[in-house]
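K.L.:
Residue numbers (our numbering), protein chains in the order written: chain Y, 6 to 352; chain B, 25 to 321.
#1: Against chain B, does residue 25 of chain Y count as a neighbour if the rule is that its beta carbon must be under 8 Å from one of theirs?
#2: What would DSSP say about residue 202 of chain Y, mapped onto helix, strand or coil?
#3: Any idea what DSSP makes of residue 249 of chain B, helix, strand or coil?
#4: Contact defined as beta carbons within less than 8 Å: I believe residue 272 of chain B pairs with residue 34 of chain B. What is the distance between those atoms, to the nearest angstrom?
#5: Determine, using beta carbons only, whether residue 298 of chain Y comes closer than 8 Å to chain B.
#6: Specify the secondary structure class of residue 220 of chain Y as computed by DSSP and reduced to three states.
#7: On the CB-based measure, 16 or more other CB atoms within 10 Å of its CB, does residue 55 of chain B come out buried or exposed?
#8: Bridge partners of residue 162 of chain B, per DSSP?
#9: Answer yes if the stretch 160-173 of chain Y comes into contact with the stretch 280-288 of chain Y, meaning at least three C-beta pairs across the two stretches below 8 Å, and no otherwise.
#10: List the DSSP bridge partners of residue 239 of chain B.
#11: Can you look up residue 21 of chain B in the DSSP assignment and give me helix, strand or coil?
#12: Looking at chain B, which residues of the stretch 315-333 of chain Y have a Cβ within less than 7 Å of any of its Cβ atoms?
#13: Tell me the DSSP bridge mates of residue 167 of chain Y?
#14: Could one say the Cβ of residue 48 of chain B lies closer than 8 Å to chain Y's Cβ atoms, at least one of them?
#15: Should residue 256 of chain Y and residue 117 of chain Y be called a contact, given that it needs their Cβ atoms to be closer than 8 Å?
#16: By alpha-carbon positions, which one of B:298, B:146, B:39 ends up nearest to residue 163 of chain B?
#17: Identify, in the order they occur along the chain, each residue of the same chain with its Cβ nearer than 7 Å to the Cβ of residue 142 of chain Y, setting aside the five sequence neighbours on each side.
#18: Opposite residue 160 of chain Y in the DSSP bridges: which residues?
#19: Helix, strand or coil: which one does DSSP assign to residue 114 of chain B?
#20: Any Cβ of chain B within less than 8 Å of the Cβ of residue 129 of chain Y?
#21: Sorted by chain position, which residues of the same chain lie with C-beta nearer than 8 Å to residue 148 of chain B's C-beta, five sequence neighbours on each side aside?
#22: Can you give me the C-alpha to C-alpha distance between residue 94 of chain B and residue 21 of chain Y, rounded to a whole angstrom?
#23: Enumerate in chain order the residues of its own chain whose CB-to-CB distance from residue 183 of chain Y is below 6 Å, with the five nearest sequence positions on each side excluded.
#24: Could you tell me the boundaries of the alpha helix (DSSP H) in which residue 337 of chain Y lies?
#25: Against chain Y, which members of the stretch 121-135 of chain B pass a CB distance test of less than 9 Å?
#26: Skipping 5 residues on each side, what residues in its chain have a beta carbon closer than 8 Å to that of residue 250 of chain Y?
#27: Output the distance between the C-alpha atoms of residue 87 of chain B and residue 65 of chain B, rounded to the nearest integer angstrom.
#28: Quick check: residue 312 of chain B and residue 253 of chain B, are their CB atoms within less than 8 Å of each other?
#29: Could you check the C-alpha separation between residue 170 of chain B and residue 31 of chain B for me, to the nearest Å?
#30: Helix, strand or coil for residue 62 of chain B, going by three-state DSSP, please let me know.
#31: Which runs of the alpha helix (DSSP H), 4 residues or longer, sit entirely within the stretch 105-136 of chain Y?
#32: Is it true that the stretch 93-108 of chain Y meets the stretch 37-48 of chain Y, where meeting means three or more beta-carbon pairs spaced less than 8 Å apart?
#33: Pick from Y:49, Y:220, Y:170, Y:134: whose alpha carbon is nearest that of residue 73 of chain Y?
#34: Identify the continuous alpha helix (DSSP H) that holds residue 95 of chain B and give its terminal residues.
#35: On a CA-only basis, which of Y:218, Y:198, Y:140, Y:190 is nearest residue 236 of chain Y? Give me that one, please.
#36: Tell me which residue opens and which closes the alpha helix (DSSP H) that residue 276 of chain B is part of.
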């Protein structure tokens, strides 16, 4: 029976999978995941697709906010930039999706690094406000720059095509989204085993000390903004393909708040937490919808108040997590696992 | 250039700006005392407006009494929120505090929406509506009353902070919590009072906005975000800055609405304060009156 860490090498300490069974479990999980489109009904698959997109966006935000400690309220704007660049590249230049998605990510990354420049002088709450302002400015530009974004009417995004194979159904989109999502998770997981990722964490924990230790703050803060925005931009591009029509209203400021909620509830500074949070927040309105429709017999007025109910529950969850479990679901899960690992001899 | 048009915009800006100044004052009081960034300030304003509306139209209570009851309720709300939500988070990371106020704003917005729906509800007319002629331009009396109310409230607040014992204790807390604790000031109590005052001044802003606009709806909550450029311009920890900043941003907003909107087809009025915010952060990050922070290891 294991009752502690007995790691003797750095390699063992840095390993992603602690044991072989974890590797096997992940393999089984992936098999089950990719067999989902075979037997899952359309609506459920649509929700799962949205979860996949949210996972990518939440990991992106977590890289910036959870790991580097830079608060961003401009997430929805970054997403909009990714979505509209992807849509524009697709409609105007007929660019296939395997070029337009990374390119949309790069465009967003460039913009993100530009927005990140103030973070070199200001920090914390000033940065929160600057990114919020950036959100409103981007929203304004998206509405006004009609030749690119289609203005208020929105932009119709062409169906992604792989040669002559159209990715038009939920099941085909599922494969696209989850292949990207798994790449995103893998990259993020490995990022924090490298020098770059460790520099991010050092900046979060104590920026001045990090600088004294030789971490180039300017470079790594901008890099963090860049990588994070790349993720968010890719998520935006996938939203474009998923929604098919995107307009400025697709990306309101509440989207940014939702994503912040995901990483808070899931766990700041945890890749696994981003995934839990993304699943949880995406499912929340669906669960509420199920509950209200089942109760609609006795409380018929509930159905009309679904949006407000979602806001209410969301706000309460965020507050409850912040007060009682500030490290999120990931840490709670970790604790439960450890408790049972040593049961009944846990201290 | 049309002088009448210019003056009209200027006066509109002044009125809206004075309300921004009020809400920003609440924001600054909380920030100074507890160093929490309250992004739910706009929801305080909205809740105040809805409570006052309820008192006025449902219970037919005279305006001045309704204001006092609204104040009492807002103060209670502020204290409860501080006690239940903010106090457990004292000393935690900045993002937690920001996020908790965002969660709070979600809850308040949802509660108002559940109770009143999303439609605009007409606000009873409390000030005489006949416009007064000031120079060449007619000014609605409601505007004058609004500016009057704001001036009185700000004067009251200033004297409270300057002369009353509690006010002085609050200033002491803002300047150093440890020293004030050792002087026998209950810092926790000061935190609660700050939240109460912030809620009160915001609810006043909400009531005034309701009377000026003639109707209230959920969009009132956006006022909370409009306050951010104001406090950045004025300096996050300066009440004087909040007032000056509020007036400037209000005027700026109306001028860009009057002169730039026709050129770009709308929207400039809403976005101008945020562009100002970015520019201020680039060139003068601590605002007009803010205290410069010097960081040492």
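Every residue, glycine too, gets a C-beta built ideally from N, C-alpha and C.
P.N.:
So, to answer that:
#1: Taking the first chain and counting its residues from 1, one reaches residue 25 of chain Y at position 20. Output row for residue 25 of chain Y: interface = no.
#2: For this step, residue 202 of chain Y is matched to residue 197 along the first chain. Residue state, collapsed to three classes: helix.
#3: Taking the first residue of the second chain as 1, we reach residue 249 of chain B at position 225. Here DSSP, grouped into helix, strand and coil, assigns residue 249 of chain B to helix.
#4: The residue given as residue 272 of chain B occupies position 248 in the second chain. The residue given as residue 34 of chain B occupies position 10 in the second chain. So it is not a contact: roughly 12 Å between Cβ atoms.
#5: Here residue 298 of chain Y is taken as the residue at index 293 of the first chain, counted from 1. Chain B contact via Cβ: absent.
#6: For the purposes of this step, residue 220 of chain Y is taken as residue 215 along the first chain, with counting starting at 1. Residue 220 of chain Y: coil per DSSP, three-state reduction.
#7: In the second chain, counting from the first residue as 1, residue 55 of chain B sits at position 31. Classification for residue 55 of chain B: buried.
#8: Along the second chain, read from residue 1 onward, the residue named residue 162 of chain B stands at position 138. Looking at the DSSP output, residue 162 of chain B shares a beta bridge with B:157.
#9: Result no; under three Cβ-Cβ pairs closer than 8 Å.
#10: Along the second chain, read from residue 1 onward, the residue named residue 239 of chain B stands at position 215. According to DSSP, residue 239 of chain B shares a beta bridge with B:146.
#11: Outside the modelled stretch of chain B, which goes from 25 to 321, sits residue 21 of chain B, for which no answer is possible.
#12: Contacts with chain B (Cβ-Cβ distance below 7 Å) from the stretch 315-333 of chain Y involve 316, 317, 319, 320, 321, 323, 324, 327, 328, 331, listed in chain order.
#13: As a first step, residue 167 of chain Y is located in the first chain; it is residue number 162 there, counting from the start. Beta-bridge pairing links residue 167 of chain Y to Y:170.
#14: In the second chain, counting from the first residue as 1, residue 48 of chain B sits at position 24. Among the CB atoms of chain Y, none fall inside 8 Å of the CB of residue 48 of chain B.
#15: In the first chain, the residue the question calls residue 256 of chain Y occupies position 251. In the first chain, the residue the question calls residue 117 of chain Y occupies position 112. For residue 256 of chain Y and residue 117 of chain Y, no; Cβs fall outside 8 Å.
#16: Here the question's residue 163 of chain B lines up with position 139 in the second chain. Of B:298, B:146, B:39, the residue nearest in Cα terms is B:39.
#17: Stepping through the first chain from its first residue, residue 142 of chain Y is reached at position 137. Excluding positions up to five away in sequence, the list is empty.
#18: Mapped onto the first chain, residue 160 of chain Y falls at position 155. Y:251.
#19: Position 90 of the second chain, counting from 1, holds the residue named residue 114 of chain B. Annotated three-state conformation of residue 114 of chain B is coil, per DSSP.
#20: Taking the first residue of the first chain as position 1, residue 129 of chain Y is located at position 124. Judged by the 8 Å Cβ criterion, residue 129 of chain Y is in contact with chain B.
#21: Residue numbering aside, residue 148 of chain B sits at position 124 when the second chain is read from its first letter. Contacts found: 77, 80, 81.
#22: As a first step, residue 94 of chain B is located in the second chain; it is residue number 70 there, counting from the start. As a first step, residue 21 of chain Y is located in the first chain; it is residue number 16 there, counting from the start. Between the C-alpha atoms of residue 94 of chain B and residue 21 of chain Y there is a straight-line separation of about 56 Å.
#23: Counted from its first residue, the first chain places residue 183 of chain Y at position 178. 57.
#24: For the purposes of this step, residue 337 of chain Y is taken as residue 332 along the first chain, with counting starting at 1. Segment 333-346, the alpha helix (DSSP H) holding residue 337 of chain Y.
#25: For the stretch 121-135 of chain B, the beta-carbon criterion of a distance under 9 Å to any beta-carbon of chain Y is satisfied by 121, 122, 123, 124, 126, 127, 128, 129, 130, 131, 132, 133, 134, 135.
#26: Numbered from 1 along the first chain, position 245 holds the residue referred to as residue 250 of chain Y. For residue 250 of chain Y, where only same-chain residues beyond five positions count, the Cβ hits under 8 Å are 159, 160, 161, 162.
#27: Residue numbering aside, residue 87 of chain B sits at position 63 when the second chain is read from its first letter. Residue numbering aside, residue 65 of chain B sits at position 41 when the second chain is read from its first letter. Cα atoms of residue 87 of chain B and residue 65 of chain B: separation of roughly 23 Å, rounded to the nearest angstrom.
#28: Taking the second chain and counting its residues from 1, the one referred to as residue 312 of chain B is at position 288. Taking the second chain and counting its residues from 1, the one referred to as residue 253 of chain B is at position 229. No, the Cβ-Cβ distance between residue 312 of chain B and residue 253 of chain B is not below 8 Å.
#29: Translated into positions along the second chain, residue 170 of chain B becomes position 146. Translated into positions along the second chain, residue 31 of chain B becomes position 7. Taking the straight line from one Cα to the other gives about 18 Å.
#30: As a working mapping, residue 62 of chain B is identified with position 38 in the second chain. The three-state secondary structure of residue 62 of chain B, taken from DSSP, is coil.
#31: You should have found no qualifying run.
#32: Result no; under three Cβ-Cβ pairs closer than 8 Å.
#33: For the purposes of this step, residue 73 of chain Y is taken as the residue at position 68 of the first chain. That would be Y:220, whose Cα lies nearest to the Cα of residue 73 of chain Y.
#34: Numbered from its first residue, the second chain carries residue 95 of chain B at position 71. Segment 87-105, the alpha helix (DSSP H) holding residue 95 of chain B.
#35: As a first step, residue 236 of chain Y is located in the first chain; it is residue number 231 there, counting from the start. Distances from the alpha-carbon of residue 236 of chain Y to those of Y:218, Y:198, Y:140, Y:190 put Y:190 closest.
#36: As a position in the second chain, residue 276 of chain B is number 252, starting the count at 1. Per DSSP, the unbroken alpha helix (DSSP H) holding residue 276 of chain B starts and ends at 263-279.
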